[in-house]
Each structure stands twice: as C-alpha cells, then as structure tokens.
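Scroll down for the structure; my scribbles are underneath it.
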Amino acid sequence: QVQLVESGGGLVQAGGSLRLSCVASGSIFSINDMGWYRQAPGKQRDMVAAISAGGRANYAGSVRGRFTISRDNAKNTVYLQMNSLKPEDTDVYYCRMETNYMYYWGQGTQVTVSS
34 QVQLVESGGG LVQAGGSLRL SCVASGSIFS INDMGWYRQA PGKQRDMVAA ISAGGRANYA
94 GSVRGRFTIS RDNAKNTVYL QMNSLKPEDT DVYYCRMETN YMYYWGQGTQ VTVSS
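Under my numbering, the first residue of the sequence shown is numbered 34, with each subsequent residue one higher.
Here it is as structure tokens:
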C-alpha cells in the first residue's frame, strides 16, 4: 500500500506564493510520473503540472510561467512552487503518483487566493 500526504496549502493574497509538497510512503519500488491536479466543487479534476521520472515537466497553459514542479526521488517527494497566485487558482490541489503499475492520490490540500 502507498500513501500520499500533501502539505503547504493555505490562504494567500493575490500575487503571493505558496509551495506545496507531497510525500509518498509505503511499499514503493520506484515512482514514475508525479503530478499535481486541482478541482473545484462540482467540476472535474484538471492537471496543473506533471513531471516524468526523467525530470521532464508539463504545465497547464493557465499556470505556465507562474508554477514550477520539481521532484526529489530520494525523498519520494514532489513539489509545486506557485508564484503570482490569482484568485482563479483557488481550488483543492491533489498530488498523484504512478508506482508499482498503479496511480495513487493524496487527500488534497486547499489553496485559497484572496483578491
């Protein structure tokens, strides 16, 4: 079993920054893709950023240039540095990791950006 625990969410003013972290624990052989998704109530969960095992990153157009995803393989951790935050970035953010041929999700962390 694999567990993902996110941290770093909170309330910030527009233009501010937050850094999300997600740590995986449990029976892990190796982690392939890592990613961050976000979801508003009643809406679908959308990809924000993803990073491959080789370090190649992809971003949603709405966050490109403002958010940076990174990973620390030794710590089984993925990060999301969020700068120049906007009110429309308000959502619950979830991390997802692919390991042992399965996808695992964290429990989500709330990010609220006030105008």
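Glycine included, C-beta positions come from ideal geometry on N, C-alpha and C.
Quick one: what does DSSP say alanine 86 is sitting in, helix, strand or coil?
Secondary structure at alanine 86: coil, using DSSP grouped into helix, strand and coil.
Could you tell me the distance, in whole angstroms, from the CA atom of alanine 93 to the CA atom of valine 81?
Roughly 5 Å separates the two Cα atoms.
Cβ-Cβ distance between glutamine 143 and glycine 48 below 9 Å:
Contact flag unset, no.
Do alanine 73 and asparagine 109 have their C-beta atoms closer together than 9 Å?
By the CB criterion at 9 Å, alanine 73 and asparagine 109 fall outside the cutoff.
Where phenylalanine 100 falls, given that 16 or more other Cβ within 10 Å makes a residue buried:
Under this definition phenylalanine 100 is a buried residue.
Nearest to isoleucine 61 (by Cα), restricted to the options Asp105, Val111 and Asn133
Minimum Cα distance to isoleucine 61 is reached at Asn133.
Grab me the residues of glutamate 131's own chain with a C-beta within less than 6 Å of its C-beta, minus the 5 sequence neighbours each way, in chain order.
Cβ within range, chain order: Asn65 and Asp66.
Just to confirm the assignment: which complete beta strand (DSSP E) runs, minimum length 3, are found wholly within the region 77-136?
DSSP runs (the beta strand (DSSP E)) wholly in the region 77-136: 79-84, 90-92, 100-105, 110-115 and 124-132.
Buried or exposed for tyrosine 70, going by 16 or more other Cβ atoms inside 10 Å?
So tyrosine 70 ends up on the buried side.
Does glutamine 140 come out as helix, strand or coil in the three-state DSSP assignment?
Three-state result, glutamine 140: coil.
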